[in-house]
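J.: Residue numbers (this note's numbering): 1 to 297. For each residue, glycine too, the CB sits at the ideal point set by N, CA and C.
#1: Is residue 98 near the ligand MG, judged by its Cβ being under 7 Å from some heavy atom?
#2: Would the beta-carbon of residue 74 fall within 8 Å of that of residue 36?
#3: Just the Cα atoms here: how many angstroms apart are residue 154 and residue 144?
#4: When the Cα atoms are used, what is the spatial distance from residue 45 to residue 22?
#5: The alpha helix (DSSP H) that contains residue 209, what's its start and end?
#6: Quick one: grab the DSSP three-state call for residue 298.
#7: Taking buried to mean at least 16 other C-beta atoms within 10 Å of its own C-beta, is residue 67 buried or exposed?
#8: In the DSSP assignment, the alpha helix (DSSP H) including residue 73 goes from what residue to what residue?
#9: Closest by CA to residue 300, which one among 64, 224, 48?
#10: What are the start and end residues of the alpha helix (DSSP H) that includes residue 185?
#11: What is the rounded straight-line gap between the Cα of residue 43 and the Cα of residue 70?
#12: By alpha-carbon positions, which one of 132, 221, 138 ends up nearest to residue 163?
#13: Starting from residue 152, trace the beta strand (DSSP E) both ways and give me its first and last residue.
#14: Checking 8 Å against the spacing of the C-beta atoms, do residue 242 and residue 274 come in under that value?
#15: Give the DSSP-derived three-state secondary structure of residue 126 in the structure shown.
#16: Whole angstroms is fine: what's the gap from residue 159's alpha carbon to residue 233's?
#17: Hey, quick one: how far does the alpha helix (DSSP H) through residue 259 stretch, first residue to last?
#18: Measuring only the C-alpha atoms, how far is residue 169 from residue 186?
#19: For the candidate residues 222, 98, 150, 218, whose alpha-carbon lies nearest to that of residue 27?
#20: For residue 136, report the span of its alpha helix (DSSP H) as first-last.
#21: Considering only residues of the same chain and omitting the five flanking positions on each side of residue 190, which have a CB-CB separation below 6 Å?
#22: Out of curiosity, what's the CA-to-CA distance linking residue 76 and residue 150?
#23: Let me check one thing: in DSSP terms, what residues is residue 141 bridge-paired to?
#24: Between the Cα of residue 181 and those of 259, 295, 193, 210, spot the shortest distance and give me the residue it belongs to.
#25: Looking at C-alpha atoms only, which residue of 224, 146, 87 is the closest neighbour of residue 194?
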């Protein structure tokens with residue numbers, strides 16, 4: 001699983017070198033294009049300035065057309081000091097202007113619906129993609145220990161077991177977006193490798209179907225709580241834990257405290273005690289008097 005929705009931005013040495021090479025390439029391309037397109041305009045202006053209105057001399061624009069057809073002729077024309085001077089003045093004006101526009105564009109980020117988001121003042125929040133350097137401080141990159149989140153390049157990214165962060169993970173995705181296959185099954189394999197216990201919610205039963213045999217072969221004892229088909233479900237019989245009066249009292253208190261509505265006001269405490277005593281007596285009677293196969297709720 002690559003990081004796509006929540007990607008990392010890279011600011012390492014390789015990225016810096018690539019940016020320098022890209023900037024140099026763009027600059028050279030800019031010089032080439034401006035020489036090709038602007039030098040003929042300079043030459044045209046020079047020809048027009050030499051025109052004498054008192055004569056009917058026509059200007060020959062053939063050299064201008066040839067320079068547009070062949071950019072090397074425009075570059076060759078820079079050997080003319082007059083042309084070179086005007087061209088350098090153009091560069092001295094245009095390059096700082098372009099740099100200023102780029103800086104202005106980077107300092108202000110415009111996103112949909114005409115809303116302006118400033119990057120650094122936090123007016124609209126400060127959330128951003130995590131950089132690789134930031135990820136290395138809180139995640140395990142290439143360690144292969146802990147919950148697997150994905151990978152950066154060929155290195156596995158994990159949430160280490162000794163992380164100081166909250167290790168809860170929320171996954172959102174439409175049906176078929178590989179939530180189970182890419183994350184749940186991957187981490188079942190990871191936890192099995194580490195010998196960790198697991199509690200898995202599996203409404204469809206597909207994870208049990210795909211992973212149960214593998215986990216059994218790894219030595220796991222698998223328990224299934226199946227509310228759809230109770231005949232194929234593991235269960236717990238609390239009556240089996242009642243061995244004496246104290247066990248029965250604890251059993252009754254747990255049931256009543258977990259079934260009482262918090263917002264309701266209790267009346268006479270006599271009825272609460274009577275409820276407990278009745279349930280306790282019934283639980284003890286079933287646990288002590290019924291045959292073993294009938295000792296259940």
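T.: On the basis of the data shown:
#1: This structure does not include the ligand MG; it has no bound ligands of any sort.
#2: Contact flag set, yes.
#3: Approximately 12 Å between the Cα atoms of the pair.
#4: Using only the alpha carbons, I get a separation of about 34 Å.
#5: Counting along the chain, the alpha helix (DSSP H) containing residue 209 begins and ends at 206 to 217.
#6: What the structure shows of the chain is the stretch from 1 to 297, and residue 298 is not part of that stretch, so it cannot be assessed.
#7: Classification for residue 67: buried.
#8: Start and end: 71 to 77.
#9: Given a span of 1 to 297 for the chain in the structure shown, any question on residue 300 remains unanswerable.
#10: Under the DSSP assignment, residue 185 falls in the alpha helix (DSSP H) whose first and last residues are 185 to 194.
#11: For residue 43 and residue 70, the distance between alpha carbons rounds to 15 Å.
#12: The option with the nearest alpha carbon to residue 163 is 138.
#13: Start and end: 147 to 152.
#14: Cβ distance not < 8 Å, so residue 242 and residue 274 don't count as in contact.
#15: Residue 126: coil per DSSP, three-state reduction.
#16: Rounded to whole angstroms, residue 159 and residue 233 show a C-alpha spacing of 33 Å.
#17: Counting along the chain, the alpha helix (DSSP H) containing residue 259 begins and ends at 245 to 259.
#18: Taking the straight line joining both Cα atoms gives about 14 Å.
#19: Of the listed residues, the one whose Cα sits closest to residue 27 is 98.
#20: Counting along the chain, the unbroken alpha helix (DSSP H) around residue 136 starts and ends at 132 to 138.
#21: Excluding sequence neighbours, residue 190 sits near 148.
#22: Whole-angstrom Cα-Cα distance: 55 Å.
#23: The bridge partners DSSP lists for residue 141 are 157.
#24: For residue 181, the nearest C-alpha among the options comes from 210.
#25: Shortest Cα-Cα distance from residue 194 to any of 224, 146, 87 involves 146.
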